[in-house]
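Enquirer: The structure that follows is given in the form of structure tokens.
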Amino acid sequence: MTEPPADGAVRLYERIYSEHPAALYAELRRDHGPIVPVLLENDVFAWLVIGYRELHRVLTDPQLFPRDSRVWNKWGEIPSDWPLMPFIAYQPSMFFGEGSEHQSRYEAVERAFASVDPFELQLRCERIADTLIDDFAGRGEADLLADYAYSMPVLVLAEMLGVPGTRLESVARDLVEALDTGEGALAAHGRVVAAMHDLVSMKRESPGTDLASRIVTTHPGTAEEIAQDLLVVMVTGQEPVANWIGNTLRLMLTDDRFSLTLSGGRRSVGQALNEVLWEDGPVQNDVGRWAARDTELAGRRIRAGDMLIIGMAGANTDPHVRPGSPTGISGNQAHLAFGHGSHGCPQSTREAAEVIVRTAVEVLLDRLPDVLLSVPAEDLVWRPSFHVRGLTGLPVRFSPTLAVGGR
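Residues in the sequence shown are numbered from -5 upward in steps of one, following the working numbering.
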């Protein structure tokens, strides 16, 4: 087994790979293999797992590679304002939990989403999509991220959870701002946390048929833990789903295999959704897992407390498990875009996310059949993040249409 290299680690934060991450992962795999020594901001050491089989092993062995960040061996070296602190600092949520306690909390969310009628969810999504499109349909131009994709999932989720109508827009706005990491992100995050606590109190006093009520009445945890888990539902259902919508629309507007059939190409939407999860998954890397003890992975010596970054995007490009061309992945859903194992997205939440994304794309193409990019495809800018895969904007033009006021 080889030791962690002192000088050979790759400084991820210095690499410009947001335009073509697959090229970076191919280079890393060629030079380092499936387990890559990397440095994060402040030259903090970690292991990036980009081998599909190796990542599968990490994600299915919570005893050896737990999610609990408190075992990290670098805590004494990390400043409180470290940029990745929000992803790593332990919180009493199912995101960091392990064992039977985690499983029971996970199952409360799973059962709640499993009770959702997909046809009712689709109707809800169609109504919200129409409302959003009505706001810009008459202009003949829009930014499909700012005006549409970023608003769609959070509005759907807030309604599903039973957030009161008077607070719906403010919670949606605060969540988007909190995930934007701008100057107001911390304050916005605090407001979302407060809103989740208020929601738990409300549903405990007067439960209904909404998702939050179903989670509250079956969740084994305290009010604080339930609020934290509702926050996880909101966060994981917003940014990834918004970028899944945006990345799918980009594919359909820029790739001839899809764009040639935009005006009547519903049969292509499902293929586009799946291809995006392989090629441009909304979550590229996740921080992370930590080794519970000294171990070995793909010939690398992993020390107790070492951080492992979950490289979903890199694993999805592993030539050992998939063909080289996008056409070869049609119908293949063995990607790791939703994670895997005890901390993977519950199946019922994956299905709800797909309904939201598919409906968002289909309604937009129905309403604006001649929609086109208003800038060259090569001018679209990807966000410079190793964590998410999403555009900074998706400007389009189309023939102005009247608002429909609902479907």
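Using N, Cα and C, we set each Cβ at its ideal position, and we do this for glycine too. On a predicted model such as this, the values are computed, not experimentally measured, just so you know.
With a CB to CB cut of under 8 Å and the five nearest residues on each side skipped, what residues in its chain are close to residue 198?
Expert: Residue 198 sits at position 204 when you count from the first residue of the sequence shown. Hits under 8 Å: 210 and 217.
Enquirer: Do you know how far the Cα of residue 366 is from the Cα of residue 159?
Expert: Against the sequence shown, residue 159 aligns to sequence position 165. Against the sequence shown, residue 366 aligns to sequence position 372. In a straight line, the C-alpha of residue 159 is about 34 Å away from that of residue 366.
Enquirer: Check each candidate in 374, 349 and 380 and name the one with the smallest Cα separation from residue 113.
Expert: Residue 113 sits at position 119 when you count from the first residue of the sequence shown. Checked all of 374, 349 and 380; the closest Cα to residue 113 is 349.
Enquirer: Alpha carbon to alpha carbon, how far is residue 280 from residue 178?
Expert: Taking the sequence shown and counting its residues from 1, the one referred to as residue 280 is at position 286. Taking the sequence shown and counting its residues from 1, the one referred to as residue 178 is at position 184. Roughly 24 Å separates the two Cα atoms.
Enquirer: Between the C-alpha atoms of residue 270 and residue 242, what's the straight-line distance to the nearest angstrom?
Expert: Residue mapping note: residue 270 aligns to position 276 of the sequence shown, counting from 1. Residue mapping note: residue 242 aligns to position 248 of the sequence shown, counting from 1. Whole-angstrom Cα-Cα distance: 6 Å.
Enquirer: Quick one: grab the DSSP three-state call for residue 402.
Expert: Outside the shown range of the chain, which is -5 to 401, sits residue 402, and nothing can be said about it.
Enquirer: Within its chain, find whatever has a CB closer than 6 Å to the CB of residue 342; leave out the 5 residues flanking it on each side and keep chain order.
Expert: Reading the sequence shown from its first residue, position 348 is the one you call residue 342. These residues qualify, in order along the chain: 104, 107 and 108.
Enquirer: If we count the other Cβ atoms within 10 Å of its Cβ and call it buried at 16 or more, is residue 396 buried or exposed?
Expert: Locating residue 396 in the sequence shown gives position 402, where the first residue counts as 1. The residue is exposed, with fewer than 16 neighbouring Cβ atoms inside 10 Å.
Enquirer: Would you mind sorting residue 36 into buried or exposed? The rule is 16 or more other CB atoms within 10 Å of its CB.
Expert: Here residue 36 refers to the residue found at position 42 when the sequence shown is read from its first residue. Around the beta carbon of residue 36, fewer than 16 other beta carbons lie within 10 angstroms, which makes this residue exposed.
Enquirer: Of the residues 80, 29 and 231, which one's Cα is nearest the Cα of residue 293?
Expert: Within the sequence shown, residue 293 is the residue found at index 299, counting from 1. Its Cα nearest to that of residue 293, the residue 29 stands out among 80, 29 and 231.
Enquirer: Do the CB positions of residue 43 and residue 68 come within less than 9 Å of each other?
Expert: By 1-based counting over the sequence shown, the position of residue 43 is 49. By 1-based counting over the sequence shown, the position of residue 68 is 74. Contact: no.
Enquirer: Suppose contacts are defined by Cβ-Cβ distances below 9 Å. Is residue 156 in contact with residue 189 by that definition?
Expert: Within the sequence shown, numbered from 1, the residue matching residue 156 stands at position 162. Within the sequence shown, numbered from 1, the residue matching residue 189 stands at position 195. No.
Enquirer: Would you list the residues sitting across from residue 288 in a DSSP beta bridge?
Expert: Position 294 of the sequence shown, counted from the first residue, corresponds to residue 288. Answer is none; residue 288 lacks a bridge partner.
Enquirer: Going by C-alpha distance, which of 376, 23, 136 and 71 is nearest residue 48?
Expert: Here residue 48 is taken as the residue at index 54 of the sequence shown, counted from 1. The shortest C-alpha separation from residue 48 is found at 23.
Enquirer: Please report the distance separating the alpha-carbon of residue 153 from that of residue 251.
Expert: Translated into positions along the sequence shown, residue 153 becomes position 159. Translated into positions along the sequence shown, residue 251 becomes position 257. Going from the Cα of residue 153 to the Cα of residue 251 covers about 35 Å.
Enquirer: Tell me the DSSP bridge mates of residue 187?
Expert: Against the sequence shown, residue 187 aligns to sequence position 193. In DSSP, residue 187 forms no bridge with anything.
Enquirer: Do residue 134 and residue 391 come within 9 Å of each other at the CB atom, strictly closer than that value?
Expert: Translated into positions along the sequence shown, residue 391 becomes position 397. Translated into positions along the sequence shown, residue 134 becomes position 140. Yes, Cβ-Cβ distance for residue 391 and residue 134 is below 9 Å.
Enquirer: Hey, would you say residue 32 sits closer than 9 Å to residue 284, going by beta carbons?
Expert: Reading the sequence shown from its first residue, position 38 is the one you call residue 32. Reading the sequence shown from its first residue, position 290 is the one you call residue 284. No, the pair does not count as a contact, with Cβ atoms beyond the cut-off.
Enquirer: Quick check on residue 135: does DSSP put it in helix, strand or coil?
Expert: Along the sequence shown, one-based indexing puts residue 135 at 141. Three-state result, residue 135: strand.
Enquirer: Between which two residues does the beta strand (DSSP E) containing residue 302 stretch?
Expert: Here residue 302 corresponds to residue number 308 of the sequence shown, with the count starting at 1. Its beta strand (DSSP E) spans residues 301 to 304.
Enquirer: Residue 204 and residue 215 - do their beta-carbons sit closer together than 9 Å?
Expert: The count along the sequence shown starts at 1 and reaches residue 215 at position 221. The count along the sequence shown starts at 1 and reaches residue 204 at position 210. Pairing residue 215 with residue 204 gives a Cβ-Cβ distance that is not under 9 Å.
Enquirer: Less than 8 Å between the CB atoms is what I'm expecting for residue 92 and residue 61, so what's the real figure, rounded?
Expert: By 1-based counting over the sequence shown, the position of residue 92 is 98. By 1-based counting over the sequence shown, the position of residue 61 is 67. Going by Cβ atoms, the distance from residue 92 to residue 61 rounds to 6 Å, so yes, they are a contact pair.
Enquirer: Less than 9 Å between the C-beta atoms of residue 359 and residue 263, yes or no?
Expert: Taking the first residue of the sequence shown as 1, we reach residue 359 at position 365. Taking the first residue of the sequence shown as 1, we reach residue 263 at position 269. It is a contact, given that the beta carbons lie within the stated cut-off.
Enquirer: If you draw a straight line from the C-alpha of residue 90 to the C-alpha of residue 212, how long is it?
Expert: Working through the sequence shown from its first residue, we reach residue 90 at position 96. Working through the sequence shown from its first residue, we reach residue 212 at position 218. Their backbone Cα atoms lie some 20 Å apart in a straight line.
Enquirer: For residue 182, tell me which candidate among 164, 196, 192 and 195 has the shortest Cα-Cα distance.
Expert: By 1-based counting over the sequence shown, the position of residue 182 is 188. Among 164, 196, 192 and 195, the Cα nearest to that of residue 182 is on 164.
Enquirer: Alpha carbon to alpha carbon, what distance is there between residue 225 and residue 192?
Expert: Stepping through the sequence shown from its first residue, residue 192 is reached at position 198. Stepping through the sequence shown from its first residue, residue 225 is reached at position 231. Straight-line Cα distance between these residues: approximately 12 Å.
Enquirer: Could you tell me the distance, in whole angstroms, from the CA atom of residue 329 to the CA atom of residue 305?
Expert: For the purposes of this step, residue 329 is taken as the residue at position 335 of the sequence shown. For the purposes of this step, residue 305 is taken as the residue at position 311 of the sequence shown. Cα to Cα, the separation comes out at about 12 Å.
Enquirer: Could you tell me the alpha carbon to alpha carbon distance between residue 260 and residue 121, rounded to whole angstroms?
Expert: The residue you call residue 260 lines up with position 266 of the sequence shown. The residue you call residue 121 lines up with position 127 of the sequence shown. Here the model assigns residue 260 a pLDDT of 46, short of 50, so the residue's position is not dependable and the matter cannot be decided.
Enquirer: Please report the Cβ distance between residue 98 and residue 84, rounded to the nearest whole angstrom; I am assuming they are in contact, meaning their Cβ atoms lie under 8 Å.
Expert: Locating residue 98 in the sequence shown gives position 104, counting from the first residue. Locating residue 84 in the sequence shown gives position 90, counting from the first residue. Incorrect: roughly 19 Å between the Cβ atoms, too far for contact.
Enquirer: Our contact map puts residue 346 next to residue 162 with C-beta atoms below 8 Å; I'd like the distance itself, whole angstroms only.
Expert: Residue mapping note: residue 346 aligns to position 352 of the sequence shown, counting from 1. Residue mapping note: residue 162 aligns to position 168 of the sequence shown, counting from 1. With a Cβ gap of about 18 Å, residue 346 and residue 162 do not count as contacting.
Enquirer: Within a Cβ cutoff of 7 Å, which residues of the same chain sit near residue 172, ignoring the five residues on either side of it in sequence?
Expert: The residue given as residue 172 occupies position 178 in the sequence shown. Correct list, in chain order: 179, 182, 183 and 186.
Enquirer: Between residue 385 and residue 375, which are expected to be in contact by the criterion C-beta below 8 Å, what is the C-beta distance as a whole number of angstroms?
Expert: On the sequence shown, position 391 is the one that residue 385 refers to. On the sequence shown, position 381 is the one that residue 375 refers to. A Cβ-Cβ separation of about 7 Å places residue 385 in contact with residue 375 under the 8 Å criterion.
Enquirer: Given this structure, state the Cα-to-Cα distance separating residue 20 from residue 286, to the nearest angstrom.
Expert: Along the sequence shown, one-based indexing puts residue 20 at 26. Along the sequence shown, one-based indexing puts residue 286 at 292. Each residue's Cα considered, the two are about 29 Å apart.
Enquirer: Using CA coordinates, which residue listed in 295, 144 and 296 is at the minimum distance from residue 231?
Expert: The residue given as residue 231 occupies position 237 in the sequence shown. Looking at the Cα atoms, 144 is the closest of the given residues.
Enquirer: Kindly list the residues whose CB is nearer than 7 Å to the CB of residue 54, restricted to its own chain and excluding five residues on each side of it in sequence; keep chain order.
Expert: Locating residue 54 in the sequence shown gives position 60, where the first residue counts as 1. Non-local C-beta neighbours of residue 54 in its own chain, meaning closer than 7 Å and more than five positions away in sequence, comprise 334 and 335, ordered along the chain.
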